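2 protein chains.
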Amino acid sequence: MRTSRDSDSAGYHHGDLPNALLAAVAEIVEEKGAANVSLREAARRAGVSHSAPAHHFGDKEGMLAAFAERGFEILGREMATGRDSVVGGSALERLAAVGTAYVRFAVDCTPYFDVMFRSGIDTPSHEHLHACADKALAVLIGAVGELISEGGYTEADPRQLTVYFWSLAHGLASLAVDRSMPPGLDELTIDDYIAGVFGMSELFNGTG
Amino acid sequence: MRTSRDSDSAGYHHGDLPNALLAAVAEIVEEKGAANVSLREAARRAGVSHSAPAHHFGDKEGMLAAFAERGFEILGREMATGRDSVVGGSALERLAAVGTAYVRFAVDCTPYFDVMFRSGIDTPSHEHLHACADKALAVLIGAVGELISEGGYTEADPRQLTVYFWSLAHGLASLAVDRSMPPGLDELTIDDYIAGVFGMSELFNGTG
DNA sequence: GCTCTATCTTGACATTGTCAACTAGTCAGT
DNA sequence: ACTGACTAGTTGACAATGTCAAGATAGAGC
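For the protein sequence lines, the chains are A and B, in the order given. The first sequence maps to residues 1 to 208 in our numbering. The second sequence maps to residues 1001 to 1208 in our numbering.
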């Protein structure tokens, strides 16, 4: 009978309900914020009954967790792409590119960022989500590792350095996402701040 | 008739309902997370009817905004106290103390931090809240200003430097609050990371 | 006394998350 | 082709929530 769903997608009744639901989630977060996502609204937009989502995601947190997983996959890809786009550069430049990709992801894909980090979802309690998060962050950890081995920061604690860069990227991302800069600070663009913040890191010149 | 409310507090029926409600909010956020705060639950804990909160805070967001205002007041005080606790130190040391207070606030007063930054509340649309936020951040901005004037960073853009330190503090605070450090990173304590992250800043030695 | 106003209560309504029971397609094995 | 099992989705119900309108209550000012 193939309901209203138009075309090709394979599957049983709907076609590909999980994807349709997650697409709806993205819409809703964009329109009304991560706090106002509801299972029923997502179901409505996907054209199914109000309790269909539960069969795929269990409950509301499950749906948000699935959405967040996609976010971490995208984030990981973007960071890797950023890193690889630096050819012939230093380890510090590659690390800055990873950080830049992190912030750009938050700004360009705010719905994902919001659900991943600011929706109150308990990441560690969702096994697969937790693994996705670790996998994405491995890109950043790897870039820090390269900085240590190639950049001569042999005395630095890799954990400290990782948290330093991660904090920098995550903090700037958070500030950029809710554009509530104090007066005077909103004159510069996000890109200015990205360049400025990661440019500061260039003051590290192997003396650490 | 003075209902169940026991003692001294002044006022009409309840005594001091706004304070009682905000105290209830703190409890609820601590127990069930910022996403699970409800007007009715707060009313229940304060011993009033389910729609009493609306008369003080308008709606749910209004209640969270009032709670967040308190958070910004505390945060501002804590940062100022941190700054003033450094006697005879450099501007950079005072700035590091401000940042440390920021992170400690997030860790020690997580309910406030969560509602202020991660509850989906739209700060700019709440005038008084916005002012409170600006006032608190003025402490950080001031400390950056001192760094520039006293520390010899005359070529640095104060906006860039502010966002740099703010990102660092806010990012570490966020990471610390949801303790989802990747494997290996959770061996160090929050205090280790605070010291490490703000210690990196000491690599800035007036050459910027 | 009386009125006025701030404070709080009651009752209602639509929306939500979740659960149990049910229906409808689809496939494997015979 | 028939049966049974399984997957996908529906229907109906329930308690909880945010919000609104209307009423009740208590203190202030006169």
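C-beta atoms are modelled at their ideal positions from N, C-alpha and C, and glycine is treated no differently. No experiment lies behind these values; they were computed from the predicted model shown.
In chain B, what lies closer than 7 Å to residue i by C-beta?
i: Leu137(A); result: Pro1182
i: His170(A); result: Gly1171, Ser1174, Leu1175
i: Leu185(A); result: Arg1159, Thr1162, Val1163
i: Gly33(A); result: Gly1120
Using CA atoms only, rank isn't needed, just tell me which of the options is closest to residue i.
i: Thr1100(B); options: Glu1202(B), Asn1019(B), Ala1169(B), Glu1187(B); result: Ala1169(B)
i: Leu175(A); options: Glu78(A), Phe117(A), Ala54(A); result: Phe117(A)
i: Ala1034(B); options: His126(A), Arg179(A), Ile121(A); result: Ile121(A)
i: Ala1023(B); options: Lys1032(B), Arg1045(B), Gly1015(B); result: Arg1045(B)
i: Phe1057(B); options: Phe1072(B), Asp1186(B), Ser1038(B); result: Ser1038(B)
i: His1128(B); options: Phe1067(B), Ala1097(B), Val1197(B), Tyr1193(B); result: Phe1067(B)
i: Glu1212(B); options: Pro1182(B), Gly1015(B), Phe1165(B), Cys1109(B); result: In this structure chain B extends from 1001 to 1208, so residue 1212(B) is not present and cannot be described.
i: Leu21(A); options: Asn36(A), Asp59(A), Met63(A); result: Met63(A)
i: Ser1084(B); options: Leu1188(B), Gly1142(B), His1014(B), Gly1184(B); result: This sequence places Asp at residue 1084(B); Ser is not what is there. If we check each option's Cα against that of Asp1084(B), Gly1142(B) comes out closest.
i: Cys109(A); options: Asp178(A), Gly89(A), His55(A); result: Asp178(A)
i: Ser119(A); options: Ala1080(B), Lys1032(B), Leu1188(B); result: Lys1032(B)
i: Ala195(A); options: Leu172(A), Pro183(A), Asn36(A); result: Leu172(A)
i: Val115(A); options: Ser201(A), Ala65(A), Glu202(A), Pro124(A); result: Ala65(A)
i: Val197(A); options: Asp1186(B), Ser1167(B), Gly1088(B), His1055(B); result: Ser1167(B)
Could you name the residues of chain A that residue i contacts, counting a contact when the two beta carbons are closer than 8 Å?
i: Leu1075(B); result: Result: empty, since nearest Cβ-Cβ is about 14 Å, beyond 8 Å.
i: Val1197(B); result: Gln160, Val163, Tyr164, Ser167
Skipping 5 residues on each side, what residues in its chain have a beta carbon closer than 7 Å to that of residue i?
i: Pro1111(B); result: Ala1026, Val1029, Glu1030
i: Gly76(A); result: Lys135, Ala136, Val139
i: Cys1132(B); result: Glu1069, Phe1072, Glu1073
i: Val1091(B); result: This sequence places Ala at residue 1091(B); Val is not what is there. Contacts found: Glu1146, Leu1147, Glu1150, Gly1151.
i: Val144(A); result: Leu95, Pro158, Leu161, Thr162, Phe165
i: Gly1082(B); result: Ala1097, Val1098, Thr1100, Ala1101
i: Val1048(B); result: His1014, Leu1017
i: Ser985(B); result: Residue numbering for chain B in the displayed model covers 1001 to 1208; residue 985(B) lies beyond these limits and cannot be assessed.
Which residues in chain B have a C-beta closer than 9 Å to the C-beta of residue i? List them in chain order.
i: Asp178(A); result: Phe1117, Asp1122, Thr1123, Pro1124
i: Ser149(A); result: Those do not exist, as Ser149(A) stays about 16 Å from chain B at its closest Cβ, beyond 9 Å.
i: Leu95(A); result: Residues of chain B passing the Cβ test: none, with the nearest at roughly 13 Å.
Provide the residue span of the alpha helix (DSSP H) that contains residue i, from first to last.
i: Ile1074(B); result: 1060–1084
i: Val1087(B); result: Unbroken run through Val1087(B): none, as it is neither H nor E.
i: Ile121(A); result: Unbroken run through Ile121(A): none, as it is neither H nor E.
i: His1170(B); result: 1158–1177
i: Glu1030(B); result: 1017–1032
i: Glu41(A); result: 39–46
i: Gly1196(B); result: 1190–1200
i: Ala35(A); result: No alpha helix (DSSP H) holds Ala35(A); DSSP gives it neither H nor E.
i: His55(A); result: 52–57
Give the interface partners of residue i over in chain A, defined as CB-CB distance under 9 Å, in chain order.
i: Asp1193(B); result: According to the sequence displayed, residue 1193(B) carries Tyr and not Asp. What Tyr1193(B) touches in chain A: Arg159, Gln160, Val163, Tyr164, Ser167.
Given that residue i touches chain A, what residues does it touch there, using C-beta distances under 7 Å?
i: Met1200(B); result: Tyr164
i: His1056(B); result: The premise fails here: His1056(B) is roughly 21 Å from chain A at the closest Cβ pair, so nothing lies under 7 Å.
i: Ile1141(B); result: Pro182
i: Leu1188(B); result: Arg159
Once you ignore the five residues that flank residue i on each side, which residues in its own chain have a CB closer than 6 Å to its CB?
i: His1050(B); result: Arg1040, Ala1043
i: Ala1052(B); result: Ala1043
i: Glu78(A); result: Ala101, Phe105
i: Asn36(A); result: none
i: His130(A); result: Thr123, Pro124
i: Gly1199(B); result: none
i: Met1001(B); result: In this predicted model, Met1001(B) has a pLDDT of only 37, less than 50, meaning its place in the structure is not dependable enough to derive any value.
Taking 8 Å as the limit between beta carbons, can you name the residues of its chain near residue i, skipping five residues before and five after?
i: Glu1061(B); result: Ile1121, Asp1122, His1126
i: Ile969(B); result: Because chain B spans 1001 through 1208 in this model, residue 969(B) falls outside it and cannot be assessed.
i: Val1086(B); result: Glu1093, Arg1094, Ala1097
i: Glu187(A); result: none
i: Ala10(A); result: Confidence at Ala10(A) is low in this model, with a pLDDT of 34, below 50, so its placement is unreliable and no value can be given for it.
i: Met181(A); result: Leu175
Which residues in chain B have a C-beta closer than 8 Å to the C-beta of residue i? List them in chain order.
i: Asp134(A); result: Pro1182, Pro1183
| What runs of the alpha helix (DSSP H), each 4 residues or longer, lie entirely inside the region 124–154 of chain A? | Taking 4 residues as the shortest admissible run, the region 124–154 of chain A contains the following complete alpha helix (DSSP H) segments, listed from N- to C-terminal end: 127–151.
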